[in-house]
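Novice: Have a look at this one.
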Amino acid sequence: PGIFEFGFGYGEYEKMRGFVSLSYRNLWGMNRRVTTLLRLSKLRQLLSVNYNEPYLFGRKVRFNALLLGSYKKEISIDTGKTRYKLRRYSAELSLSREISSHLKGELTYSFSLVDTFDVSKGVVLSKEDRGTLAISAIKPALLYDTRDNLFEPHKGMLVGVSLKVASTYLLGETDFVKLTAQGSIFRELWKGTVLAVQIKGGVAQGFNDTKDLPLVERFFLGGRNSVRGFPQDELGPKTEDGDPKGGNAFLMGSLELRVPIWKSLGAVVFIDAGNVWRRLKGMNFRLRETAGVGLRYNTPVGPIRIDYGYKLDRERKESAGEIHFSIGHAF
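Here the sequence shown is numbered in the numbering used here, starting from -3 and rising by one per residue.
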């Protein structure tokens, strides 16, 4: 049957945002699915068409095809200055298979055309960022998931690792390798009170003629879903103008205690730590640390949340902390 969905929300970075989705979930009576999605906000727009085939050639292999066009405007939360704008058109083909009841393997090929424009003079670009850049990549991934609930886990773990290889041999215009890994554990200490722990990291390196990673492929930290207490993407090395450079490596971790208060209302206490390094050779494993509290209001699609993160190692000219609004847990 056909399904129409829509919704809206608010975040401290994008402000008002909304989506409209139209899907058909039993195409030709064979459980095939087609979904069209439109997401809109002042800073981001996205239009995608997704086709899903649950049993490719009658086997237990899921096939997915995605066409996507997006626009993103990156700004400084403090000043409102536009750092850069990015337009992207992508096509993805992926195969995935359930290896066991909790372990899934996936192989994805993607081709993207990326146009970075209206760039402020402080933003560090690679030579590939000038003009339209073609990125062609393959990405194998493994995901192990034993969580009891996707939106509100009380027990279980989530572990994932992926390796993205982009190459001119795949008809792209840049060469790099990008490895990312994550692990989360959830444990119910007593009824309704959950201890959640997360660690994430990644390294990337260009090869052949690629000396600097394209802007769109660098790691950034800071904001509602990474190290709270820092503005969106502003943790890590910066230019003299205060624009984040992004980096080729990152490491972060979070510890969060989730406590029910009354009916659907809950509270959290958290500690986050992390950093981004511009080059692999410059990694010193010095992590910036924040701590904070937050409120949660549970809904069927995840909690509405507000967090305040305070910098424990505040540096000169930095704010004391940041307020974050979003939907869903930070991890």
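Note that the Cβ used here is the ideal one computed from N, Cα and C, for glycine as well.
This one's a predicted model, so the numbers in the text were calculated from it and none came from an experiment.
Which residue wins for smallest C-alpha separation from PRO240, given the options VAL255, LEU217 and ALA200?
Specialist: The count along the sequence shown starts at 1 and reaches residue 240 at position 244. Minimum Cα distance to PRO240 is reached at LEU217.
Novice: With a cut-off of 8 Å on the beta carbons, I'd call GLY14 and LEU36 a contact; round off their distance for me.
Specialist: Against the sequence shown, residue 14 aligns to sequence position 18. Against the sequence shown, residue 36 aligns to sequence position 40. Right, the Cβ-Cβ distance comes to about 6 Å (below 8 Å), so this counts as a contact.
Novice: Who are the Cβ neighbours of PRO256 in its own chain at under 6 Å, not counting the five residues just before and after it?
Specialist: Along the sequence shown, one-based indexing puts residue 256 at 260. Same-chain partners within the cutoff: GLY188 and GLY262.
Novice: Roughly how far, in whole angstroms, is the beta-carbon of TYR321 from the beta-carbon of GLY7, given that I think they are within contact range, below 8 Å?
Specialist: In the sequence shown, the residue the question calls residue 321 occupies position 325. In the sequence shown, the residue the question calls residue 7 occupies position 11. Note that residue 321 is Phe in the sequence shown, not Tyr. PHE321 to GLY7, Cβ: 5 Å. Contact.
Novice: According to DSSP, ILE71 sits in a beta bridge with which residue or residues?
Specialist: As a position in the sequence shown, residue 71 is number 75, starting the count at 1. Looking at the DSSP assignment, ILE71 forms a beta bridge with THR78.
Novice: Thinking SER132 and ALA162 are a contact (beta carbons under 8 Å), I'd like their distance in whole angstroms, please.
Specialist: Along the sequence shown, read from residue 1 onward, the residue named residue 132 stands at position 136. Along the sequence shown, read from residue 1 onward, the residue named residue 162 stands at position 166. Right, their Cβ atoms sit about 6 Å apart.
Novice: Is it true that the CB of GLY288 sits closer than 9 Å to the CB of PHE226?
Specialist: Residue mapping note: residue 226 aligns to position 230 of the sequence shown, counting from 1. Residue mapping note: residue 288 aligns to position 292 of the sequence shown, counting from 1. The answer is no: Cβ separation not under 9 Å.
Novice: Under the DSSP definition of a beta bridge, which residues are partnered with ARG58?
Specialist: In the sequence shown, counting from the first residue as 1, residue 58 sits at position 62. The partner list for ARG58 (beta bridge, DSSP) reads SER92.
Novice: May I ask you to list the residues that DSSP assigns as paired with TYR105?
Specialist: Stepping through the sequence shown from its first residue, residue 105 is reached at position 109. Answer is LEU89 and ILE134.
Novice: Per DSSP, ASN271 is paired with what?
Specialist: Start at 1 with the first residue of the sequence shown, and residue 271 comes out as number 275. Partner(s): LEU247.
Novice: Measure the beta-carbon distance from THR286 to LEU211 and round it to whole angstroms, keeping in mind my assumption that it falls under 8 Å.
Specialist: Locating residue 286 in the sequence shown gives position 290, where the first residue counts as 1. Locating residue 211 in the sequence shown gives position 215, where the first residue counts as 1. At roughly 25 Å, the Cβ-Cβ gap does not stay under 8 Å, so THR286 and LEU211 are not in contact.
Novice: Between the Cα of THR235 and the Cα atoms of VAL120, LEU154 and SER158, which residue gives the shortest distance?
Specialist: Here residue 235 refers to the residue found at position 239 when the sequence shown is read from its first residue. It is VAL120.
Novice: Three or more C-beta pairs under 8 Å: does that hold for the region 73 to 81 against the region 202 to 210?
Specialist: The region 73 to 81, when compared against the region 202 to 210, does not touch it at the 8 Å Cβ threshold.
Novice: Per DSSP, what are the beta-bridge partners of VAL264 in this structure?
Specialist: What you label residue 264 is simply residue 268 of the sequence shown in a count that begins at 1. DSSP, once it has assigned bridges, lists ARG254 and GLY290 as partnering VAL264.
Novice: For LEU109, which of HIS98, ALA130, GLY118 and GLY5 has the nearest alpha-carbon?
Specialist: Counting from 1 along the sequence shown, the entry for residue 109 is found at position 113. If we check each option's Cα against that of LEU109, ALA130 comes out closest.
Novice: Just mark MET248 as buried or exposed, buried being the case when its beta carbon has 16 or more other beta carbons within 10 Å.
Specialist: Within the sequence shown, residue 248 is the residue found at index 252, counting from 1. Buried, since its Cβ has 16 or more Cβ neighbours within 10 Å.
Novice: Which residues share a DSSP beta bridge with MET279?
Specialist: By 1-based counting over the sequence shown, the position of residue 279 is 283. The partner list for MET279 (beta bridge, DSSP) is empty, contrary to what the question assumes.
Novice: Who are the near neighbours of PHE0 in its chain, counting only those whose CB is closer than 7 Å to its CB and skipping five residues on each side?
Specialist: Numbered from its first residue, the sequence shown carries residue 0 at position 4. Counting only Cβ-Cβ distances below 7 Å, and skipping sequence neighbours, we find LEU18.
Novice: Quick one: what's PRO240 bridged to in DSSP?
Specialist: By one-based count along the sequence shown, residue 240 stands at place 244. LYS234.
Novice: Taking DSSP as the reference, what is the three-state secondary structure of ASP229?
Specialist: The residue you call residue 229 lines up with position 233 of the sequence shown. Residue state, collapsed to three classes: coil.
Novice: Which residues mark the beginning and the end of the beta strand (DSSP E) in which GLY(-2) is found?
Specialist: For the purposes of this step, residue -2 is identified with residue 2 of the sequence shown, where counting begins at 1. First-last of the beta strand (DSSP E) with GLY(-2): -2 to 7.
Novice: Here's a check: name, in chain order, each residue in its chain whose Cβ is nearer than 7 Å to the Cβ of GLY202, leaving out the five neighbours to either side.
Specialist: Position 206 of the sequence shown, counting from 1, holds the residue named residue 202. Counting only Cβ-Cβ distances below 7 Å, and skipping sequence neighbours, we find ASP171, PHE172, ASP208 and LEU209.
Novice: Look at the alpha carbon of TYR293 and the alpha carbon of GLY127, and state the distance between them as a whole number of angstroms.
Specialist: Counting from one through the sequence shown, the residue named residue 293 turns up at place 297. Counting from one through the sequence shown, the residue named residue 127 turns up at place 131. Answer to the nearest angstrom: the Cα atoms are 44 Å apart.
Novice: Inspect the beta-carbon positions of LEU42 and VAL16 and report whether they are closer than 9 Å.
Specialist: Counting from one through the sequence shown, the residue named residue 42 turns up at place 46. Counting from one through the sequence shown, the residue named residue 16 turns up at place 20. Not in contact: LEU42 and VAL16 (Cβ atoms no closer than 9 Å).
Novice: In three-state DSSP terms, what is GLU124?
Specialist: Numbered from 1 along the sequence shown, position 128 holds the residue referred to as residue 124. Helix at GLU124.
Novice: Which residues does DSSP pair with GLY305 in a beta bridge?
Specialist: Against the sequence shown, residue 305 aligns to sequence position 309. GLY305 is bridged to GLY288 and GLU318.
Novice: Answer yes or no: do GLY101 and ALA61 have a C-beta to C-beta separation smaller than 9 Å?
Specialist: Within the sequence shown, residue 101 is the residue found at index 105, counting from 1. Within the sequence shown, residue 61 is the residue found at index 65, counting from 1. No, the pair does not count as a contact, with Cβ atoms beyond the cut-off.
Novice: ASN221 lies in the beta strand (DSSP E); which residues open and close that run?
Specialist: Walking along the sequence shown from the start, residue 221 turns up at place 225. Unbroken run through ASN221: none, as it is neither H nor E.
Novice: Looking only at its chain, what residues have a beta carbon closer than 6 Å to the beta carbon of GLU94, apart from the 5 residues adjacent to it on each side?
Specialist: Locating residue 94 in the sequence shown gives position 98, where the first residue counts as 1. Closer than 6 Å at Cβ, skipping near neighbours: LYS100.
Novice: What residues match up with ALA328 in a beta bridge as DSSP calls it?
Specialist: Nothing about residue 328 can be reported from this structure: the residues present for the chain run from -3 to 327 only.
Novice: Using the beta-carbon count (16 or more within 10 Å), is VAL190 buried or exposed?
Specialist: The residue given as residue 190 occupies position 194 in the sequence shown. It counts as buried.
Novice: I'd like to check one pair, GLY152 with LEU175: are the Cβ atoms closer than 9 Å?
Specialist: As a first step, residue 175 must be located in the sequence shown, where it is residue number 179. As a first step, residue 152 must be located in the sequence shown, where it is residue number 156. No; because the gap between Cβ atoms is not below 9 Å, this pair is not in contact.
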